[in-house]
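To start, the structure itself, in structure tokens.
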Amino acid sequence: MIEFAEYSLLGLLSGGVTALIALSFVLVYKGTGVVNFAVGEVMMLGAYLYYAAAVTFELPPVVAFVLAMAVISVLAMVVERTVLRPLSGQPTVAVMMATIGMASIMHGGIETIWGGDTYQPPALLPRTPIFLGEVLIPGAVLGNFFVAGLLIAAFLAFFRYSKTGIALRATASDPVTAATLGININFAARLTWMLAGSVGTVAGVLIASSAGLSPSLAAAALSVFAAIILGGMDSVLGAIVASLILGWIESIAAGYLGGKSRDIVPYVVVLLILVARPYGIFGTRSIERL
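Note that the working numbering gives residue 73 to position 63 of the sequence shown, counting from 1, and the numbers run on in steps of one.
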């Protein structure tokens, strides 16, 4: 039972960071209808900017973290204005291909500047392990979950209670009606990309500071597709719940079936659930005439 409890807690705690990556995906899809394939590279770029600010320029970790988020937000704003907005009204696949192109550019640029070596950014959070009875919880995992949970709670409150958050929800639900009511939908789209970039940066820094930084960090975003599909492409709550569920499944599978199984078992579970609920646990059910 102690072993099961330890695997379960580790899985749920690691699912918190996964939820941040999934949130970055869902924000863009819900707000613009586009699947952003550059999320992994945005995470990676944010983590490298944090590393450069903290190590190369010797800034305090907290200052480096805030600076990395600010730079990514500005870059997201520039990209939305210069690349994505001109594609407004074009087929969705055109915008998706643009995100793939941006991902390739960022990945190549990062490897050109920093190479393929693995770096260890300074710890953003304490790494002292904690014992819950006889269950050992690594301090980095617990700290990452705390930051992720705090940020997710702030986002949920922002979308539910603030005027800007309500405007973003209205734009995502019906942009034509939102524009008729006086909401600046261009500003809403820009802010959506900026928020998604900031969330991705937080996830990238948390992962890199505990597991190391290399160009392979971008691949962490690909595994989150299972959580997004399971929770529902347009559901923030679904992304969070599904990330926790899959984090728990991955940890249990790795603990009892071996490390390789964590890459297989979650997708098997997702496929089985989607047979019954093709739109995900909390996804919006849509009906199309053929």
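Note that CB positions come from ideal geometry on N, CA and C, so glycine has one too.
Assigned exposure category for residue i - 16 Cβ within 10 Å defines buried
i: E51; result: buried
i: F169; result: buried
i: R141; result: According to the sequence as given, residue 141 is Phe; it is not Arg. Exposed, because fewer than 16 other Cβ atoms sit within 10 Å of the Cβ of F141.
i: E298; result: Because E298 sits at a pLDDT of 45, beneath the cut-off of 50, its placement in the model cannot be relied upon, and the following sentence gives the value as read from the coordinates. The residue in question, E298, is exposed, as its Cβ has fewer than 16 Cβ neighbours within 10 Å.
i: T128; result: exposed
i: R287; result: exposed
i: E90; result: buried
i: E260; result: buried
i: S114; result: exposed
i: G290; result: buried
i: V285; result: exposed
i: G143; result: exposed
i: D244; result: buried
i: L300; result: Annotation note: pLDDT 35 at L300 (below 50); position unreliable, no value reported.
i: L161; result: buried
i: G207; result: buried
i: L152; result: buried
i: A167; result: exposed
i: Y39; result: buried
i: P276; result: buried
i: G248; result: buried
i: G25; result: buried
i: A188; result: buried
i: V186; result: exposed
i: A164; result: exposed
Which residues DSSP lists as bridging residue i, in chain order
i: G145; result: Note that residue 145 corresponds to Val in the displayed sequence, not to Gly. Partner(s): L142.
i: L223; result: Y129
Proximity of residue i and residue j at Cβ, strictly below 8 Å
i: V212; j: L30; result: yes
i: P71; j: A64; result: yes
i: G119; j: S224; result: no
i: L75; j: L33; result: Just to set this straight, residue 75 is Phe in the shown sequence, not Leu. Contact: no.
i: I274; j: L240; result: no
i: A199; j: T102; result: no
i: G242; j: F292; result: yes
i: M112; j: A62; result: no
i: N154; j: V27; result: yes
i: I9; j: F35; result: Any property of residue 9 remains undetermined from this structure, which presents the chain solely from 11 to 300.
i: R340; j: N196; result: Any question about residue 340 goes unanswered here, given that the chain covers just 11 to 300.
i: V88; j: A108; result: no
i: S220; j: A150; result: yes
Cβ distance (whole Å) where residue i is taken to contact residue j below 8 Å
i: A86; j: Y60; result: Not really, about 16 Å apart at Cβ, beyond 8 Å.
i: M116; j: L216; result: About 19 Å separates the two Cβ atoms, so there is no contact after all.
i: P136; j: A218; result: With a Cβ gap of about 17 Å, P136 and A218 do not count as contacting.
i: S83; j: M204; result: 5 Å
i: V105; j: E16; result: Incorrect: roughly 43 Å between the Cβ atoms, too far for contact.
i: L201; j: G214; result: With 8 Å as the limit, L201 and G214 do not qualify as a contact, their Cβ atoms being about 20 Å apart.
i: Y171; j: W124; result: Not a contact, Cβ separation roughly 41 Å.
i: G304; j: M53; result: The structure shown does not extend to residue 304, since the chain is modelled only from 11 to 300, so the question has no answer here.
Would you check if there are 3 or more beta carbon pairs closer than 8 Å linking the stretch 233 to 244 to the stretch 252 to 268?
Verdict: yes, contact present.
Does the pairing of the stretch 12 to 25 with the stretch 165 to 183 give three or more beta-carbon distances under 8 Å?
With the cut-off at 8 Å, the stretch 12 to 25 and the stretch 165 to 183 do not touch.
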